[in-house]
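Written below as structure tokens is the structure these notes are about.
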Amino acid sequence: MNEISINHILFLSTALFFIGLYGLFTRRNMITMLMAVELILNSVNINFVAFNKYLFPERLDGIFFTIFIIAIAAAEAAVAIAIIINLYRSHQSIDVEDATEMKY
Amino acid sequence: MSATSIIFYFLATFILAAAILSVTTRKIFRSAIWLLFSLIGIAGLYFWLAVEFIAAVQIVVYVGGIVVLIIFSIFLTQQSGKEMPKVSSSRILLSALAIFFGFALTYLLIYQNGFRIENKYFDSDIERIGTHMLATDNTGFALPFEVVSILLLAAMVGCIVIAMKSKPIEK
Chain B
135 MNEISINHIL FLSTALFFIG LYGLFTRRNM ITMLMAVELI LNSVNINFVA
185 FNKYLFPERL DGIFFTIFII AIAAAEAAVA IAIIINLYRS HQSIDVEDAT
235 EMKY
Chain L
-14 MSATSIIFYF LATFILAAAI LSVTTRKIFR SAIWLLFSLI GIAGLYFWLA
36 VEFIAAVQIV VYVGGIVVLI IFSIFLTQQS GKEMPKVSSS RILLSALAIF
86 FGFALTYLLI YQNGFRIENK YFDSDIERIG THMLATDNTG FALPFEVVSI
136 LLLAAMVGCI VIAMKSKPIE K
């Protein structure tokens, strides 16, 4: 089972994190930015599970962190989408450049 | 190269390719579908890591919940076939440089760090997870569990309050 070294899994999660970051930098649409945030959270989950399995197999803390991160990500997505839909109602746009009332 | 490593490399390629397409495609609906594929690949990775409970939670919450919510909100906010405006090439170049150097630095740190691998059997039985989740001793997670349930309730109430149509002021 351990023939794949942990570095390979960490390479995957690091790459996924920075792909999400790239999406966060280049996108200007709120829904696609939310998708990029989901990718980032998933890369963190992979990290937690891999560290728990490879470095501390007698404990379960990484599994619990993953479960709590998934629960909070679901809550965060629901609140964010409620805000986005409300913003679309008042501004007719979900571009971040159009929502500048609270910028200054 | 054995079957497990072939499966791992296949899953890794699939996840990264779907993620890259998800952040670069210009049609928002396709972006959501690529995100869906990437999340399914991550669930497969959890199956490969033999943590079946996390894989099941990943499929139920992410694939069944969050992606469906995102697709609903795409339908509610704009036409799904419309292309997003083109990103300026200077922004693409600067972001690519930033993530390239960030990735290089992070992976260099990971590569040079020698992890001490424990070659023990990892028991992630659902029964064991459940016992630890609701234990009240030092290793238990009963308090965070309760806090998360309060948080979910608060988030639900908050969503309803935000999304509720405000009544016009009567005079």
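As given, the protein sequences belong to chains B and L, one line each in that order. Per the working numbering, the first sequence starts with residue 135, numbered consecutively. Per the working numbering, the second sequence starts with residue -14, numbered consecutively. Quick reminder that beta carbons are idealized off the backbone N, C-alpha and C, glycines included. None of these values were measured; they are calculated from a predicted model.
Query                                                                                                                                                                                          : Result
Terminal residues of the continuous alpha helix (DSSP H) containing residue 154 of chain B?                                                                                                    : 140 to 160
Report the option in B:160, B:168, B:199, B:146 whose CA atom is closest to the CA atom of residue 126 of chain L.                                                                             : B:199
Which chain B residues sit within Cβ distance under 9 Å of residue 113 of chain L?                                                                                                             : 194
Given a threshold of 16 other Cβ atoms within 10 Å of its Cβ, counted over all protein chains shown, does residue 154 of chain B qualify as buried or as exposed?                              : buried
Measure from the C-beta of residue 230 of chain B to each C-beta in chain L and report whether the shortest distance is under 9 Å.                                                             : no
Hey, residue 151 of chain B and residue 83 of chain L are a contact pair by Cβ (cut 8 Å); roughly how many whole angstroms apart?                                                              : Their Cβ separation, rounded to whole angstroms, is 13 Å, which puts residue 151 of chain B and residue 83 of chain L out of contact at 8 Å.
What in chain L is Cβ-close to residue 187 of chain B, meaning under 9 Å?                                                                                                                      : 34, 35, 36, 107, 109
Note down, in chain order, every chain B residue with its Cβ under 7 Å from the Cβ of residue 60 of chain L.                                                                                   : Chain B residues near residue 60 of chain L: none, gap ~11 Å exceeds 7 Å.
Please decide whether residue 103 of chain L counts as near chain B, where near means a Cβ-Cβ distance under 9 Å.                                                                              : yes
Between the alpha carbons of residue 90 of chain L and residue 145 of chain B, how many angstroms are there, rounded?                                                                          : 12 Å
Between the alpha carbons of residue 92 of chain L and residue 45 of chain L, how many angstroms are there, rounded?                                                                           : 31 Å
Is any beta-carbon of chain B found at less than 9 Å from that of residue 5 of chain L?                                                                                                        : yes
Leaving aside the five residues before and after residue 120 of chain L along the sequence, list all residues of the same chain whose C-beta is less than 8 Å from its C-beta, in chain order. : 126, 127
Around the Cβ of residue 176 of chain B, are there at least 16 other Cβ atoms within 10 angstroms (buried) or fewer (exposed)?                                                                 : buried
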